[in-house]
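Residue numbers (UniProt numbering): 1 to 628.
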Amino acid sequence: KMATLLNVAGLSVAFAAFMVIMMQVDYDRMFDKCHPDHAEIFRMEFINKEGRQANISRPLAESLFASSPHIVAGGLANANPLLGQIFFTVEVNGDKRSYKEKIMPVTPGYMDVFTFDFVEGTKEALKNPGHAVIPLSLSRKLFGDGSSVGKLLLGRDRTLTVGAVYRDFPANTSVGNIIYRAIPEDENKNKWGDFHYYVYIRIDDAANISLISENFKKNFERTPETADHGITLNNPDNDIHFTPLIDLHYIAGVAYDIIPKAGRETLPVLFAIAIVILVIAGINFTNFSTALTPMRIKSINTQKVMGAEVSMIRWSLIGEAVLISLFAYILALLWVDLFAHSPLSVLVDAELSFMAHPLITGSTALIAVATGTLAGLYPAFYMTSFPPVLALKGSFGLSSQGRRLRNTLMGFQFMASFALIIGAGFMYLQNHYMKHAALGYEKDELIVTNISDKIQKSTDAFAARMREFSGIEAVTYSMMLLSSADQYGDLGRGYKGKNVTYQVIPVDYSFLDVMGIPVSEGRNFRIEDTHTEYGVYIFNETARDRFELEVGTTISRSEIVGIMPDIKFASFRTEVVPMAFYLTGTRKWADSHQYAYVKVKGGSDMRAAMEHVRATLAEFDPEYPFNV
């Protein structure tokens with residue numbers, strides 16, 4: 001019984017691991033292939049001396065759209081992460097409910113590039129000012145099973161009318177199941193230096209992409225304005241590139257790229273790991289079954305003496321192994337379902353649903369049958385090979401060939417297990433590095449929360465209320481959350497006769513002090529800087545070295561007051577790129593701060609501080625869904 005339990009436990013875990021790994025492999029392998037015209041869809045990228053970047057200026061994109069009859073459709077999506085969420089309320093049967101959902105401004109052509117399956121309304125809804133297009137899942141979440149078209153999303157700064165509802169895309173696509181609203185027709189229409197958009201085109205034939213690219217560069221109208229913003233398209237350091245949609249998931253090294261990434265080379269590695277896990281489980285099954293020989297041999301030989309045919313005994317033993325394997329498979333389905341509903345599921349990007357992966361689910365059932373058959377063959381033939389006389393003497397040792405087979409299986413099992421342990425060790429080291437690597441700023445004793453527009457209008461009162469708790473040392477603000485994304489808002493500006501592009505994070509004047517970020521050259525922000533007209537910058541050393549920046553000079557009339565060491569401001573998936581903290585002046589081109597950083601004194605009760613933060617947030621804005 002113990003051997004059977006061990007067999008079932010080992011096989012069920014192996015089958016579950018195999019299914020989870022293969023679901024992830026399938027997720028990555030089929031990324032963006034849900035679109036019928038995926039082979040004809042490309043993303044436009046700009047190349048400069050710093051490399052490739054995914055964001056493009058609007059006039060450059062619209063010049064491309066009009067350049068060739070081979071371009072069937074072209075669309076833009078706003079790359080500004082500050083526009084990525086909307087807080088709104090809906091009213092259903094007199095009951096008001098508040099929500100915060102992802103949103104992306106796009107041009108109507110975006111829905112001509114990608115195939116949206118509309119349940120209500122049409123893509124034409126996006127051409128109506130103030131209208132939005134929402135996914136079916138959100139429609140049901142907000143309004144139930146009834147019609148959503150014409151319903152209002154009541155935001156604090158804008159109200160949107162639901163104009164259409166589309167069927168949700170699979171999880172493995174670049175197109176999110178989010179709210180879409182229209183980019184205003186005149187937004188950045190003639191601003192060649194504002195690289196704020198992702199640009200996609202759908203063409204008539206993928207083979208024509210080279211022709212489209214060469215024709216566009218050849219006929220591109222170069223003007224003093226385009227030259228001022230570093231757009232000439234006449235040399236390898238100033239060029240455009242088109243990446244096929246189905247390759248976006250795998251490419252790296254493209255600045256401002258927000259597409260989820262996977263290594264193409266990791267897919268065969270994951271597949272090999274899944275197979276090795278199955279093989280190890282099969283070897284365990286075979287060894288356990290063979291080890292039962294002394295306990296089962298007398299029963300088997302008794303059946304022989306009673307007239308049972310050897311072939312029937314063998315088939316029954318193989319059938320028993322298959323049944324054990326199938327029972328383990330059924331348990332594996334349970335393990336996968338439990339894993340899918342556990343916190344550990346965040347480790348996997350794929351949807352852990354059997355309905356979403358019928359081929360993998362069915363194939364694993366066949367593998368279970370094959371595993372039981374193969375693992376049961378040798379024990380079945382071995383157990384029935386003893387003559388009754390030998391069985392009565394009680395000698396059941398393996399033959400020399402049997403010992404060689406067992407040693408071979410155990411040797412392979414040891415090497416495979418050792419390789420998996422080494423791989424797990426490297427993963428642990430990588431995870432340990434990510435948790436303990438120096439970021440360049442203080443991350444301990446820190447509470448971070450998003451803030452609402454009501455708090456944004458009274459930051460001084462909010463900070464004062466926070467400091468009433470004795471354990472809170474300071475409060476500062478930022479427009480974006482450090483290390484939470486691969487890229488942030490970027491700017492293209494002129495500096496000493498050349499165009500420079502950098503990522504920028506608007507912050508409060510106290511931000512660097514509270515976060516423990518030193519200034520290596522120049523000075524820190526001062527409260528007086530908020531009274532300047534155009535605000536001030538503090539750049540990182542990468543930007544200084546790449547653009548030859550000097551403290552005291554200006555970029556677009558904003559003074560550079562300091563240089564700081566490079567910090568890990570984005571995720572670990574990206575390298576350090578030119579960036580700056582920006583303190584706005586009286587001419588605020590940036591919106592209000594979106595996040596508050598609460599510094600807790602060392603040795604204070606962190607849990608009590610968290611409760612005070614939550615209570616204060618609720619006091620200032622009871623309706624808003626804060627994430628502390």
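From the three backbone atoms N, C-alpha and C, an ideal C-beta is built for every residue, glycine too.
Just so you know, these numbers come straight off a predicted model, no measurement behind them.
Item	Value
Through-space distance from residue 231 to residue 603, alpha-carbon basis	54 Å
Unbroken alpha helix (DSSP H) run spanning residue 612, endpoints	606-620
Residue 98 (DSSP reduced to helix, strand or coil)	strand
Residues bridged to residue 341 [DSSP beta-bridge criterion]	Paired residue(s): none; residue 341 is not in a bridge.
Option nearest residue 505 by Cα separation, candidates 512, 519 and 478	478
Identity of the residue in 163, 528, 218 and 76 nearest residue 187 by Cα	76
Best match in 80, 369 and 104 for proximity to residue 282 [C-alpha to C-alpha]	369
DSSP three-state assignment for residue 288, whether helix, strand or coil	helix
Rounded Cβ spacing between residue 233 and residue 220 (contact assumed at less than 8 Å)	5 Å
Residue range of the unbroken beta strand (DSSP E) whose run includes residue 476	472-478
Own chain partners of residue 71 with C-beta closer than 7 Å, once the 5 adjacent residues on each side are dropped	65, 201, 203 and 212
Local conformation of residue 594 per DSSP, three classes	coil
Beta-carbon proximity check, residue 563 vs residue 522, cutoff 8 Å	yes
Paired residues, beta bridge with residue 166 - DSSP	118 and 135
Touch test, the stretch 151-159 against the stretch 78-97, Cβ-Cβ under 8 Å, three pairs minimum	yes
Alpha helix (DSSP H) runs wholly inside the stretch 515-580, at least 4 long, in chain order	541-547
Beta bridge counterpart(s) of residue 57 as assigned by DSSP	195
Where the alpha helix (DSSP H) containing residue 189 begins and where it ends	Unbroken run through residue 189: none, as it is neither H nor E.
Residue 239 - DSSP class collapsed to helix/strand/coil	strand
Buried or exposed (CB count within 10 angstroms, at least 16 for buried), residue 124	exposed
Spatially closest choice to residue 559 from 581, 570, 289 and 444, by CA coordinates	581
Cβ contact (3+ pairs, closer than 8 Å) linking the stretch 358-375 and the stretch 10-22	yes
Delimiting residues of the alpha helix (DSSP H) encompassing residue 258	Here residue 258 belongs to no alpha helix (DSSP H), and DSSP marks it neither H nor E.
With 16 other Cβ atoms within 10 Å as the buried cut-off, status of residue 284	buried
DSSP beta-bridge partners of residue 582	506 and 537
Burial state of residue 57, where buried means 16 or more other Cβ atoms lie within 10 Å	buried
Buried or exposed by the 16-neighbour rule on C-beta atoms within 10 Å, applied to residue 381	exposed
Residue 48 in three-state terms, based on DSSP	strand
Rounded C-alpha distance that separates residue 552 from residue 624	41 Å
Beta-bridge partners of residue 155, as assigned by DSSP	88
Stretch pair the stretch 343-358 + the stretch 237-255: three plus CB contacts closer than 8 Å	no
Residue burial classification, residue 461 (beta-carbon count within 10 angstroms, cutoff 16)	exposed
Counted within 10 angstroms of its Cβ, other Cβ atoms place residue 184 as buried (16 or more) or exposed	exposed
Paired residues, beta bridge with residue 76 - DSSP	199
Opposing strand residues paired with residue 491 [DSSP bridges]	502
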